[in-house]
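Residue numbering for the sequence shown follows the working numbering, beginning at 137 and increasing consecutively.
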Amino acid sequence: MRKKVLSAILALVTAVTCMTYPVGNAVAAGNIPEGAKSYQGNYYYVYEDADSWEDAKAKCESRGGHLATITSEGEDDIVYQCLEDSGYDDGYFGLYRDDSGTESVWKWVTGEKVVYTNWKPGEPNADYGGTEAFGGYWGGEQWNDFRTSELSVYICEWEGCTIRLNEQSLIMKPGASEYLEYSVMNPDGIQINKSATWKSSNTKVAKVSAQGKVSAINPGHCTVTCRVENSSKKVKIVVVPRKVTKLSVLSKTKNSVQLKWKKQNGVRGYIVYMYNPDLKKYKKVKNASGTFQTAVIRNLRKGKTYRFKVCAYVRSGSKNYNGDYSKVCKVRMKE
Numbered sequence: 137m138r139k140k141v142l143s144a145i146l147a148l149v150t151a152v153t154c155m156t157y158p159v160g161n162a163v164a165a166g167n168i169p170e171g172a173k174s175y176q177g178n179y180y181y182v183y184e185d186a187d188s189w190e191d192a193k194a195k196c197e198s199r200g201g202h203l204a205t206i207t208s209e210g211e212d213d214i215v216y217q218c219l220e221d222s223g224y225d226d227g228y229f230g231l232y233r234d235d236s237g238t239e240s241v242w243k244w245v246t247g248e249k250v251v252y253t254n255w256k257p258g259e260p261n262a263d264y265g266g267t268e269a270f271g272g273y274w275g276g277e278q279w280n281d282f283r284t285s286e287l288s289v290y291i292c293e294w295e296g297c298t299i300r301l302n303e304q305s306l307i308m309k310p311g312a313s314e315y316l317e318y319s320v321m322n323p324d325g326i327q328i329n330k331s332a333t334w335k336s337s338n339t340k341v342a343k344v345s346a347q348g349k350v351s352a353i354n355p356g357h358c359t360v361t362c363r364v365e366n367s368s369k370k371v372k373i374v375v376v377p378r379k380v381t382k383l384s385v386l387s388k389t390k391n392s393v394q395l396k397w398k399k400q401n402g403v404r405g406y407i408v409y410m411y412n413p414d415l416k417k418y419k420k421v422k423n424a425s426g427t428f429q430t431a432v433i434r435n436l437r438k439g440k441t442y443r444f445k446v447c448a449y450v451r452s453g454s455k456n457y458n459g460d461y462s463k464v465c466k467v468r469m470k471e
């Protein structure tokens, strides 16, 4: 096993965040060791007590984690830095070759797809009669395939904390407010005390306080993000339009009427409903853009009285969210 002596000395002098310790040292809540390096909510730590790749895998799992999986260049850089800061340039991670099918396939221990690789040129080569079936770093930051008992150093990974929220989405009226509540679970599923920060993606639609109080401002939609360390959870916020007001008749003829109402900012559109006496309910007869505040209803009968009401709506995704209906407007057509 090769060590980078200079890196090891610097590690001791500067107290870097990734050190190598034998089994038995104190670990933090949730089995994550003190000094583990974090990246995007996950934690990484180097050990040097493995008899084999299988032994390394079992020991990571006994500590509540798993052999490190690497799914991006950024994660690759962090994991190798963790290894290098500990004074090593060789070490197992959680990649193995599955020979159970008709073709050999490289897999991660977690079942994640192998979407990123960083093999050395000519690797993996399945040397030593095909017994090189386990992934790791070899003499630098690129990957090599190893035999099962070739290394003793390995990198464990723990998934970051999980945030649970009392709501996944909120549908609110302008002026309303609601509190979002959160809890944080460590990788063992045990609730832990962690402070959170909150942020709205559009404060013109909804604001959120440091305590998680969401205040609806104007019609529209946004997301509120709860962040705890490197983990985050989002809540969809929809603020529905206000009640349509000042619905009245702008003009009318024997068989058509032009309605008007007070325009609202931030709405996607307006829906005009007309009462159908045969069905004994209101039926949609017109959809107007949010840039308009009038609509013409045609094919009406002269001398007949009609009843109309209007609501505004916003759209989030593929769904419309309606505000309250206006007061009913009665219209008697000209003879």
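All C-beta atoms in this analysis are idealised placements derived from N, C-alpha and C, irrespective of residue type, glycine included.
These figures come from a predicted structure and were not determined experimentally.
Look at residue i and residue j and say whether their C-beta atoms are less than 9 Å apart.
{"i": "tryptophan 279", "j": "glycine 266", "result": "no"}
{"i": "glycine 356", "j": "valine 446", "result": "no"}
{"i": "glutamate 317", "j": "asparagine 329", "result": "no"}
{"i": "glutamine 400", "j": "alanine 352", "result": "no"}
{"i": "arginine 199", "j": "tryptophan 294", "result": "yes"}
{"i": "asparagine 322", "j": "isoleucine 168", "result": "yes"}
{"i": "methionine 469", "j": "threonine 430", "result": "no"}
{"i": "valine 421", "j": "tyrosine 406", "result": "no"}
{"i": "tyrosine 264", "j": "serine 208", "result": "no"}
{"i": "tyrosine 180", "j": "aspartate 225", "result": "no"}
{"i": "serine 188", "j": "threonine 284", "result": "yes"}
{"i": "lysine 195", "j": "alanine 204", "result": "no"}
{"i": "arginine 277", "j": "aspartate 213", "result": "Per the sequence shown, the amino acid found at residue 277 is glutamate instead of arginine. Taking 9 Å as the Cβ cut-off, glutamate 277 and aspartate 213 qualify as a contacting pair."}
How would you label residue i, buried or exposed, when you count the other beta carbons within 10 angstroms and need 16 or more for buried?
{"i": "lysine 193", "result": "buried"}
{"i": "isoleucine 291", "result": "buried"}
{"i": "proline 257", "result": "exposed"}
{"i": "glycine 348", "result": "buried"}
{"i": "aspartate 414", "result": "exposed"}
{"i": "lysine 463", "result": "exposed"}
{"i": "asparagine 458", "result": "exposed"}
{"i": "leucine 386", "result": "exposed"}
{"i": "glutamate 184", "result": "buried"}
{"i": "glycine 296", "result": "buried"}
{"i": "isoleucine 326", "result": "exposed"}
{"i": "aspartate 235", "result": "exposed"}
{"i": "lysine 173", "result": "buried"}
Taking the alpha-carbon of residue i as reference, which of the options has the nearest alpha-carbon?
{"i": "glutamate 471", "options": "Ala352, Asn458 and Arg437", "result": "Arg437"}
{"i": "glutamate 220", "options": "Val182, Asp235, Ser208 and Ser240", "result": "Val182"}
{"i": "glycine 453", "options": "Tyr180, Ser285, Tyr228 and Ser305", "result": "Ser305"}
{"i": "arginine 443", "options": "Leu395, Asn456, Gly325 and Asn458", "result": "Leu395"}
{"i": "tryptophan 334", "options": "Arg363, Asp187 and Val215", "result": "Arg363"}
{"i": "valine 289", "options": "Thr253, Ser313, Gly230 and Val403", "result": "Gly230"}
{"i": "leucine 383", "options": "Lys398, Cys297 and Trp274", "result": "Lys398"}
{"i": "asparagine 178", "options": "His202, Lys422, Val371 and Tyr252", "result": "His202"}
{"i": "lysine 455", "options": "Glu184, Gly210 and Arg404", "result": "Arg404"}
{"i": "alanine 332", "options": "Ser368, Gly325, Ile433 and Glu277", "result": "Ser368"}
{"i": "alanine 312", "options": "Val341, Glu170, Ile433 and Asn423", "result": "Val341"}
{"i": "asparagine 254", "options": "Ser240, Glu239 and Ile206", "result": "Ile206"}
{"i": "proline 260", "options": "Ser240, Ser319, Asp281 and Val320", "result": "Asp281"}
{"i": "lysine 388", "options": "Lys416, Lys417, Val432 and Lys379", "result": "Val432"}
{"i": "glycine 171", "options": "Ser222, Asp191 and Asn435", "result": "Ser222"}
Going straight from the alpha carbon of residue i to that of residue j, what length do you get?
{"i": "lysine 249", "j": "tryptophan 242", "result": "9 Å"}
{"i": "isoleucine 307", "j": "threonine 359", "result": "12 Å"}
{"i": "proline 377", "j": "asparagine 354", "result": "7 Å"}
{"i": "alanine 262", "j": "glutamate 268", "result": "5 Å"}
{"i": "aspartate 119", "j": "alanine 346", "result": "It is not possible to answer for residue 119, since the shown part of the chain is limited to 137 through 471."}
{"i": "valine 375", "j": "threonine 246", "result": "40 Å"}
{"i": "proline 310", "j": "valine 393", "result": "31 Å"}
{"i": "lysine 390", "j": "glycine 439", "result": "7 Å"}
{"i": "lysine 419", "j": "asparagine 412", "result": "7 Å"}
{"i": "tyrosine 228", "j": "glycine 275", "result": "12 Å"}
{"i": "lysine 343", "j": "valine 350", "result": "6 Å"}
{"i": "valine 371", "j": "glutamate 314", "result": "12 Å"}
{"i": "cysteine 465", "j": "glutamine 176", "result": "56 Å"}
{"i": "valine 215", "j": "threonine 427", "result": "53 Å"}
{"i": "glycine 237", "j": "leucine 287", "result": "27 Å"}
{"i": "valine 467", "j": "threonine 381", "result": "17 Å"}
{"i": "valine 240", "j": "alanine 424", "result": "The question names valine, but residue 240 in the sequence shown is serine. Near 60 Å, if we compare the C-alpha coordinates of alanine 424 and serine 240."}
{"i": "glycine 402", "j": "cysteine 218", "result": "49 Å"}
{"i": "lysine 379", "j": "threonine 361", "result": "28 Å"}
{"i": "serine 319", "j": "isoleucine 373", "result": "19 Å"}
{"i": "glutamate 197", "j": "tryptophan 244", "result": "14 Å"}
{"i": "glutamate 496", "j": "arginine 300", "result": "Nothing in the structure corresponds to residue 496, since the chain is present only between 137 and 471."}
{"i": "lysine 417", "j": "asparagine 435", "result": "19 Å"}
{"i": "glutamate 365", "j": "serine 336", "result": "17 Å"}
Any heavy atom of the ligand ATP within a distance shorter than 8 Å of the CB on residue i?
{"i": "tyrosine 290", "result": "As far as ligands go, the structure on display features none, and thus does not contain the ligand ATP."}
Spell out whether any CB of chain D is found under 9 Å from the CB atom of residue i.
{"i": "asparagine 178", "result": "Protein chain content of the structure displayed is limited to a single chain, and chain D is not contained in it."}
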